[in-house]
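Asks:
Number of protein chains: 2
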Amino acid sequence: MELDDIDRQIIAQLQGDGRRPFTQIASDLGVSEGLVRYRVQRLTREKVMQVVGIADPLKIGFDLMVMVGIRVRPGLVREVADRVSKFPEASYVASIGGDLDLLLEVVCRDTAHFADLLNNRLHHIEGVTSTQTFLILEIHKMAYGWGVPDAPAAERPEPHVPVLRE
Amino acid sequence: MELDDIDRQIIAQLQGDGRRPFTQIASDLGVSEGLVRYRVQRLTREKVMQVVGIADPLKIGFDLMVMVGIRVRPGLVREVADRVSKFPEASYVASIGGDLDLLLEVVCRDTAHFADLLNNRLHHIEGVTSTQTFLILEIHKMAYGWGVPDAPAAERPEPHVPVLRE
DNA sequence: TCATACGTTACGAAATCCGCAACCAGCGTA
DNA sequence: TACGCTGGTTGCGGATTTCGTAACGTATGA
């Protein structure tokens, strides 16, 4: 789906405040409220953007976050990714190129919870050859959204630094 | 700050839909709209939760996401974390225990953009001794929120699996 | 005991959202 | 060309939600 300036500016504003009234966004952009409503609906439907509440896990009862690097037997990366994505504790799963094949971030209640996850579930998945765990000590930045470039990459010749919140 | 059931249920509902009317949340919980408004304000003020729009970077013009593992000279981790957190491209920064000291996820326009970041900015930071980059091929899961436990950890004796969306 | 801060409810006014209907432009097709 | 169609946009009420504020109860501490 192709985004225009209106989409980008709507996203940018909603990144700052997900409950910003459509009327205010509209008057900022000089368009009608109905249009903003239509665009937000479309962006949401196309899964380009969504408006959600996000909570700091360390403040709502989870004491342990761990990043697990996983090495997988060639050809099984996709499958393992799908399996670990189904872990309810998984907050982030990405396949990567480099020394490791998968990154998995999990949010656990305590070390016993994590030990159970690692030994009884992760290591039993077909294709997982080794894991490396990194205890997350502190989250310094979690940009819950990404900056919106002024225009698509193709139209931007010179380096552009995306504007991110905080 | 101590959360009660009302806070947790408000967070849970907002995790599903960040624009859900307070009136509807209120009637679900059997409390007044004013109370929901008050709680959301407080949760936001205390930085426990926030309602934001989040966009898929790959759908809004950024083609390259990289996870960078950073080794830092002892004692400088905090400082380096603060420095890299200021990178507008940084979407995630966490200090970790293990083979590496810092994890930095960046969202870039293209490889040239990332090369500039790595060589001209990251490697010039005092205390950075080595880096290891992992190209993010595909994001399989990005839980934009975390499950809310039924009660604080201390009151929960048996294992609890947080309920996550998707 | 009193004062103060905090959490909660209730209520009316203001603002917002929502469901249309209408209109325009572009596009493929007869 | 004319026609019908789809997608994007605006405008307008009515329904709903939010917002400001006053009032009340309950701890808490001086």
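Quick mapping for you: the protein sequence lines, in order, are chains A and B.
Residue numbers for the first sequence follow my numbering, beginning at 1 and rising by one.
Residue numbers for the second sequence follow my numbering, beginning at 167 and rising by one.
All residues carry an ideal CB built from backbone N, CA and C; glycine is no exception.
Values in this document were obtained by computation on a predicted structure and should not be read as measured data.
#1: Pull up the distance between the alpha-carbon of Thr131(A) and that of Met308(B), whole angstroms please.
#2: Below 8 Å, can you find three or more Cβ-Cβ pairs linking the stretch 83-98 of chain A to the stretch 46-55 of chain A?
#3: Near Phe134(A), which residues of its chain fall below 6 Å by C-beta distance, leaving aside the five closest residues on each side in sequence?
#4: What are the complete beta strand (DSSP E) segments, minimum 3 residues, inside the stretch 219-283 of chain B?
#5: Leaving out five residues on either side along the sequence, give the residues of the same chain with a beta carbon under 8 Å from the beta carbon of Thr111(A).
#6: Would the stretch 71-91 of chain A count as touching the stretch 122-130 of chain A if we require 3 or more Cβ pairs under 8 Å?
#7: Identify which residue in Met1(A), Leu118(A), Cys108(A) has its Cα closest to the Cα of Asp56(A).
#8: In whole angstroms, give me the CA-to-CA distance for Arg19(A) and His306(B).
#9: Where does Gln179(B) land, buried or exposed, given buried means 16+ other C-beta within 10 angstroms?
#10: Just how far apart, CA to CA, sit Val194(B) and Leu209(B)?
#11: If you run the structure through DSSP and keep just helix, strand and coil, what is Ser198(B)?
#12: Where Arg37(A) and Val202(B) are concerned, what is the direct C-alpha to C-alpha distance, given to the nearest angstrom?
#13: May I ask which residues mark the beginning and end of the beta strand (DSSP E) holding Leu301(B)?
#14: So, using beta-carbon positions, are Glu105(A) and Tyr92(A) closer together than 8 Å?
#15: Are there 16 or more other CB atoms within 10 angstroms of the CB of Gln15(A), so buried, or fewer, so exposed?
#16: Report all residues from its chain with a CB closer than 8 Å to the CB of Pro323(B); omit the five preceding and five following residues, and keep chain order.
#17: Could you please give me the residues that DSSP links to Val217(B) through a beta bridge?
#18: Take the Cβ of Arg73(A) as the centre, count every other Cβ of all protein chains shown within 10 Å, and call the residue buried at 16 or more, exposed below.
#19: With Ile236(B) and Leu3(A) assumed to form a contact (beta carbons below 8 Å), what rounded beta-carbon distance in angstroms separates them?
#20: Determine, using beta carbons only, whether Val218(B) and Ile54(A) come nearer to each other than 8 Å.
Replies: Taking the definition as stated:
#1: 20 Å
#2: no
#3: Met67
#4: 230-238, 256-263, 268-274
#5: Leu64
#6: yes
#7: Cys108(A)
#8: 27 Å
#9: buried
#10: Here residue 194(B) is Asp; the residue named in the question, Val, does not match the sequence. Between Asp194(B) and Leu209(B), the C-alpha separation is close to 19 Å.
#11: coil
#12: 24 Å
#13: 294-308
#14: yes
#15: buried
#16: Here the model assigns Pro323(B) a pLDDT of 30, short of 50, so the residue's position is not dependable, and the following value carries that caveat. Excluding positions up to five away in sequence, the list is empty.
#17: Gly53(A)
#18: exposed
#19: With a Cβ gap of about 33 Å, Ile236(B) and Leu3(A) do not count as contacting.
#20: yes
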